[in-house]
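The next block holds one structure in the form of structure tokens; read it before the comments.
Number of protein chains: 2
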Amino acid sequence: MVMGVPSKPLLQTLMGQTSTIPPIWIMRQAGRYLPEYRKLRAESSSFVDFCLNPKTASEATLQPLRRFDLDAAIIFADILLIPFAMERDVRFVAGEGPKMRPLKPGQSLLKMERAWSLDKLSAVGDALARVQSALADKVALIGFAGAPWTVATYMIEGGGSKDKWRSRLWAWQNPDEFDRLLDILVEASIDYLHMQAKAGAEVLKLFESWAEGLPEPFFERFIIRPAKNIVAGLRERGVYLPIIGFPRGCGGLAVRYANETGITALALDQAQDGVWFSQNLPKETVLQGNLDPAVLRVGGAALQSEVDRVKKNFSGRAHIFNLGHGITPDTPIEHVERLVQLVKETR
Amino acid sequence: MVMGVPSKPLLQTLMGQTSTIPPIWIMRQAGRYLPEYRKLRAESSSFVDFCLNPKTASEATLQPLRRFDLDAAIIFADILLIPFAMERDVRFVAGEGPKMRPLKPGQSLLKMERAWSLDKLSAVGDALARVQSALADKVALIGFAGAPWTVATYMIEGGGSKDKWRSRLWAWQNPDEFDRLLDILVEASIDYLHMQAKAGAEVLKLFESWAEGLPEPFFERFIIRPAKNIVAGLRERGVYLPIIGFPRGCGGLAVRYANETGITALALDQAQDGVWFSQNLPKETVLQGNLDPAVLRVGGAALQSEVDRVKKNFSGRAHIFNLGHGITPDTPIEHVERLVQLVKETR
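Chains as they are written, first to last, in our numbering: chain Y, 109 to 455; chain E, 109 to 455.
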């Protein structure tokens with residue numbers, strides 16, 4: 109191996125190299141569609157405990173790699189571990205998703221900021237180290253965090269929400285305080301991702317899962333600026349790992365996200381037009397995505413033609429094959445096997 | 109009045125005329141934020157009965173016009189009246205929204221097609237006629253229908269849904285049958301909008317409320333094609349009224365919608381960048397939108413500066429002022445009064 113040239117396909121692609129066979133990983137590849145995951149999960153009581161136990165988190169991370177020829181492992185964790193480590197009462201209710209006491213305007217952000225303790229998340233570092241030592245040579249390890257707007261909406265709404273109504277009201281009513289909330293999350297995210305890099309992550313990803321429906325003037329202020337600050341903060345601390353940004357649901361605004369935040373790669377959701385992004389983004393921007401999880405669930409001829417179409421959409425560019433959103437629990441394992449096979453075929 | 113030149117500001121704008129003061133109406137302007145609406149609604153048992161009683165529907169339509177200096181009335185109805193008139197069991201559950209028995213692949217679409225009866229919706233025509241005779245001279249009357257993809261998702265999911273999962277599965281599994289379902293809805297929509305035009309509607313609007321998150325290859329097939337066919341079908345039947353299309357949540361793909369469907373005006377949601385659309389759409393395309401309903405709820409200085417910004421975004425273009433989504437029930441009436449005042453001010 110030549111010094112400085114990574115031998116892992118995902119890292120080569122993230123350095124801008126093109127290839128006829130794109131590296132592939134799958135959002136939520138460690139998860140409920142795997143019987144071994146469901147078994148492991150059943151042995152822990154709370155989901156937060158499961159994430160913060162290096163043994164279970166590393167095992168869950170490694171499970172899909174034992175089945176499928178994937179090019180990356182992504183550490184098993186949750187985007188709400190940061191609020192948890194700010195002493196917000198994050199809990200996961202089966203069938204309902206995450207819940208917490210809604211954060212209200214005027215509540216002491218200072219208290220939250222002071223409560224923030226990276227030590228509470230040291231288990232994530234331990235899990236990364238365990239995974240790194242167990243990974244095959246060609247598999248890259250991804251660390252991640254939720255992006256500030258998305259994490260803030262969970263904190264303010266008290267869980268997932270259709271239209272982020274309370275967050276939007278707060279942002280209109282007191283944009284400066286909202287900036288302050290996001291700044292606290294920016295700083296925590298830098299700490300957290302820095303720690304993940306030191307622990308063995310080779311790629312970092314920012315999940316802006318709720319970039320959809322955001323009033324347009326907020327996009328610059330509450331999506332782009334925080335992402336830019338996180339990237340800059342990591343670089344200042346000497347973290348030069350590639351960073352994948354995923355502003356899900358923001359349509360064409362993702363061009364601005366890619367061009368203005370300093371991210372290495374842009375992950376697209378299934379609604380975004382791969383051809384258009386291939387044509388309109390600078391060649392330096394690596395693209396990831398964007399097969400519809402629903403066609404993976406369906407399988408068969410539709411899956412085959414969609415895999416071909418997605419590969420073709422990004423041909424000639426540095427491209428990481430992935431879904432446009434997480435794999436769903438009802439997806440048959442054979443469809444995932446077939447997907448990996450189809451992506452790795454040259455026809 | 110010179111022959112052929114409409115004196116109503118909304119119709120002038122829809123003919124491409126620009127003005128320093130844009131015409132304004134508000135999505136869901138007849139609705140729960142008005143005490144007189146809540147009172148009227150409480151007198152009817154079911155929501156479908158309320159919509160299909162010309163007296164209550166016309167009264168609800170007229171209520172906001174008595175309070176605010178708006179440039180349009182939109183007939184009080186629901187996008188699920190078409191499934192109702194196909195004998196699907198549409199019902200509205202308080203606090204949960206619309207519900208119906210989910211339509212399944214393989215179920216006889218023919219049965220649904222045969223059940224379709226425009227007569228079941230004749231009350232909408234009667235309500236339009238009543239409203240038309242009561243409107244002030246300068247106020248235009250809008251009729252509408254749900255666009256086929258959106259209506260199909262409600263039918264398939266059995267109500268509103270976050271990710272339209274079952275609809276996406278069906279569309280991937282059997283796109284030809286899905287086309288057939290949408291074609292049935294296209295034909296019914298043409299009948300229904302034609303009837304509304306004859307009854308006194310001066311503008312028609314297509315609500316594609318769920319254009320978000322749709323896999324990109326479906327956009328052309330299940331959003332653009334049906335809209336184009338509805339526009340063409342209406343023109344074939346001699347309906348030359350202006351048509352506003354509202355593909356909510358589709359980001360930059362709305363450019364294709366505007367350029368390929370034959371609609372007169374494109375309604376933007378609050379996430380869409382007004383400046384970008386102003387610059388990238390042909391001047392013939394009238395734009396509508398796109399104030400965030402949340403800033404109308406908040407009011408005050410934020411409302412004032414946002415109204416200014418939205419007006420400025422579309423200056424020099426034919427523009428209809430509106431929200432990016434419906435007004436919410438918790439919006440104070442004084443904020444609506446202030447909005448109309450701000451839009452009509454020249455500063």
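Heads up, the beta-carbon is just placed ideally off N, CA and C, and yes, glycines get one too. Computed from a prediction, not measured in an experiment: that's the story for all the values here.
Other residues of its chain near residue i: CB distance less than 6 Å, five sequence neighbours each side excluded
i      : result
K452/Y : I129
I250/E : A180, I182, V311, K313
E442/E : none
H302/Y : R345, V347
V403/E : A410, L411, E414
P334/Y : P256, L290, V294
A248/E : K116, L118, L119, A180, E310, V311
L211/E : M263, I264
P131/Y : P117, L118, T121, D179, I428
F184/Y : A138, A165, A168, T169
G434/Y : M135, R136
Beta-ladder partner(s) of residue i, from DSSP
i      : result
N367/E : BP columns for N367/E are empty, so no partner.
H433/Y : The partner list for H433/Y (beta bridge, DSSP) is empty, contrary to what the question assumes.
A248/Y : A180/Y
F200/Y : P206/Y
L314/E : A253/E, G353/E
G226/Y : In the sequence under discussion, the amino acid at residue 226/Y is Leu, which differs from the Gly named in the question. Answer is none; L226/Y lacks a bridge partner.
G267/Y : K207/Y
H427/Y : L395/Y
I132/Y : F429/Y
Terminal residues of the alpha helix (DSSP H) in which residue i lies
i      : result
F385/Y : 382-388
G233/E : 230-242
L464/E : Because residue 464/E is not part of the residues shown, which for chain E are 109 to 455, the question remains open.
A410/Y : 408-421
C159/E : 155-159
I441/E : 441-452
Anticipated Cβ contact below 8 Å, residue i with residue j, distance rounded
i      : j      : result
R196/E : M208/E : 5 Å
A373/Y : L122/Y : 6 Å
P256/Y : L218/Y : So it is not a contact: roughly 17 Å between Cβ atoms.
T126/Y : G424/Y : 6 Å
A379/Y : E320/E : 7 Å
L349/E : L399/E : L349/E to L399/E, Cβ: 25 Å. No contact.
Q281/Y : V406/E : 5 Å
Contacting residues, own chain, Cβ-Cβ under 8 Å from residue i (five flanking each side not counted)
i      : result
K206/E : The amino acid at residue 206/E is misidentified as Lys; the sequence shows Pro. Result list for P206/E: D186, L188, V198, R199, F200, Y262, G267, G268, in chain order.
W318/Y : W257, T258, T261, K272, R356, G357
L389/E : V363, A366, N367, L374, L395
V156/Y : D186, L189, F192, V198, R199, F200
Contact set for residue i: own chain, Cβ-Cβ below 7 Å, skip 5 residues either direction
i      : result
E445/E : F176
Q449/Y : none
Y300/E : I190, L226, L229, A253
R149/E : F158
Q240/E : L249, G308
A202/E : none
Cα-Cα separation between residue i and residue j, rounded to whole angstroms
i      : j      : result
P117/E : F385/E : 22 Å
I134/Y : Q412/E : 45 Å
R140/Y : G357/Y : 24 Å
K272/E : R345/Y : 42 Å
T164/E : L447/Y : 55 Å
L229/Y : L395/Y : 30 Å
F422/Y : R417/E : 37 Å
V110/E : A244/E : With a pLDDT of 48 at V110/E, under the threshold of 50, the modelled position of that residue is not reliable, and the figure given next carries that caveat. Each residue's Cα considered, the two are about 19 Å apart.
Q166/Y : Y145/E : According to the sequence displayed, residue 166/Y carries Ser and not Gln. S166/Y and Y145/E: Cα-Cα distance of roughly 57 Å.
I352/E : G370/E : 10 Å
K147/E : G124/E : 39 Å
P437/Y : R276/E : 16 Å
P440/E : L226/E : 37 Å
K108/E : K270/Y : Coverage of chain E is limited to positions 109 through 455, which leaves residue 108/E absent and any answer about it impossible.
A242/Y : P162/Y : 13 Å
L361/Y : K336/E : 26 Å
F354/Y : R136/Y : 14 Å
G397/E : R274/E : 31 Å
S153/E : L236/E : 22 Å
P114/E : L173/E : 20 Å
R238/E : L160/E : 13 Å
Interface flag, residue i vs chain B, CB-CB below 7 Å
i      : result
P323/E : This model lacks chain B altogether; the protein chains it does include are Y and E.
Where the beta strand (DSSP E) through residue i begins and ends
i      : result
V394/E : 394-399
A375/E : 373-375
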